[in-house]
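All residue numbers for the sequence shown refer to my numbering, where the first residue is 1099 and numbers rise by one. Don't be surprised by glycine CBs; every beta carbon is placed ideally from N, CA and C. A short worksheet on the structure shown next.
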Amino acid sequence: MSGGSSPVLLVQAIVAPASLQDEIDRTAYAMAHLFDGSPPWCQPIFAIALALILVSVLSTLILGNRSRSEGRRERDDDRDLPELDESDFLWVFVVPALNEEVTIADSVGRLAEVEVRNRVILVIDDGSDDRTGEILAGLDLPELTVLSRVPPEAREGKSEALNAAWRHLHERVLRVGRWAEWPVERVIFTIVDADGRLDPRAGRVSWHFRDPEVGGVQSLVRIYNRTTPLTWAQDVEFGVFGNLLQRGRMAWGTANMGGNGQFNRLAALDSVAVRDDRGRLGPWRAGRLTEDQDIGLRLLHAGWRGEQARSITVSQQGLNSLRMLYRQRTRWAQGGWQVIDLAGAVLRDRSHGIMAKLSQLWYLATPIVQSCVGLSVVLSIVFLITGEVRPHWTIIMAVLFYLFTAVPGIIGVLHARHGRRVRDILVDLLIAHGYLIYSWIIYPVVYRALFRQLFGIRSWVKTKREALTEADDSAPPGEMGEIGGPSGVPAR
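Here it is in structure tokens:
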């Protein structure tokens, strides 16, 4: 930022552009004096934020390239791996449920339709005081077992509920009866949220588990009630995460877990089991607000590979309330702050190479990067409003500003939607800008989460489910970012 120049110069530069050489010279001067006129105390903040933005763009380009390469690798996979299919595995579908009367029958009923031969459905009723238990008792599913938790152990969090399911699996399911002595290397512990709709073809994820080093595979998450701009944006958001960030990290085996549609090899979970403060054993650490993120990283540090499925989906309810979305994303963001304590484990990890470690460290640094860049944006706006600084605009500067702001989102949306025709790509570019606006709208959750983490606030409010509609029930998968019409048929 340089002093003495008005923002009006940007308009002047566009309306009456200087010669190319003059423009280059002015841009070079502006870049050399980028922070001139700004208070000395904030110049390091701007410099760090600029460096982080550049690294972020570079990281996005690398992940985009790796994502496309991963698709080719899967098509041409010639590794000497065992010929296994879904029938070689025992599929244990685990559904944590706390007051889920609205969606539990729908979710569990769909698990019974998943095309696998060996199936156990285990629902953890975590102290529900609505009709959840009654509804589960009325389901005529021979594969279903309901594990009811009561106080004082009930309602301790999703981690504790999953640990209870893990202990039940070892102590009961694999010890006596039909599944006794089934090898833990062939047991797939599958987590589905109570509003989740797992792909009937989910058994095809066995393709990934042919590799004995794969400890976890994450489904591609979709939003099935994407009938409003807010739920539409959430669908795009999950598409960007799965198709770009997750698929890009697959080449290094560092794709993380997402908590819904999450498949884990039981042997992998066993390898990271720890005892809580009551002496109870379980893979999930107590008190983690994003238990999926935490265990996914710990599995990587234990030497297991994490992968992202491209064709297997799990659909869930999106949130139509911005207030509820803020509350949910604050909890997720706080979980991101919590797992920073795993950075040391990344550095000590000897099972992954340097690029895999860098990808994990950058992933862990996400809340730090977001908070620093966001702070620089807020300071810039304040200084512009107060007249503290006046940026020296040129056309090249404006183009660079736009590119560094928009490129990560554009690349993410292009990977999420897979458009190939010119028309599709143009539509994707428009969608990308809508997605960028959405990203900035929910940006403040990073600071709200930091505040809660610093002051030791760990409480959370359960996300309230919306009543299922006929449109929700009939909505087909569609393309990422499509908005379903009233009949549930996606509208272009």
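- Beta-bridge pairing by DSSP links residue 1195 to 1223.
- Of the candidates 1565, 1555, 1481, 1498, the residue whose Cα lies closest to the Cα of residue 1133 is 1481.
- For residue 1546, the enclosing alpha helix (DSSP H) starts and ends at 1543-1552.
- DSSP places residue 1417 outside both helix and strand once states are collapsed to three, so it counts as coil.
- Residue state for residue 1145 is assigned as helix, using DSSP reduced to three classes.
- Judged by DSSP in its simplified three-state form, residue 1239 adopts coil rather than helix or strand.
- Scanning its chain for C-beta atoms nearer than 7 Å, with the 5 sequence neighbours on each side dropped, one finds around residue 1386 the residues 1257, 1392, 1433, 1436, in chain order.
- If you look at residue 1285, you'll find it in the beta strand (DSSP E) that goes 1285-1289.
- If you compare the alpha carbons of 1411, 1355, 1384 with that of residue 1404, the shortest gap goes to 1355.
- Collapsing the DSSP output to three states places residue 1189 in a strand.
- Under the criterion of beta carbons closer than 8 Å, residue 1222 and residue 1194 qualify as touching, at roughly 5 Å.
- Between the alpha carbons of residue 1321 and residue 1140 lies a gap of roughly 41 Å.
- Taken atom to atom, the span from the alpha-carbon of residue 1292 to that of residue 1413 is near 11 Å.
- CA-CA distance, residue 1507 to residue 1329, rounds to 17 Å.
- For residue 1269, the three-state secondary structure derived from DSSP is helix.
- Residue 1260 and residue 1382 do touch by the CB rule: their CB atoms are close to 5 Å apart, below 8 Å.
- Residue burial is scored here from C-beta neighbours: residue 1538 has fewer than 16 other C-beta atoms within 10 angstroms and is therefore classed as exposed.
- Boundaries of the alpha helix (DSSP H) harbouring residue 1539: 1520-1539, taken from the DSSP string.
- A direct Cα-Cα distance of roughly 11 Å separates residue 1214 from residue 1303.
- DSSP places residue 1179 outside both helix and strand once states are collapsed to three, so it counts as coil.
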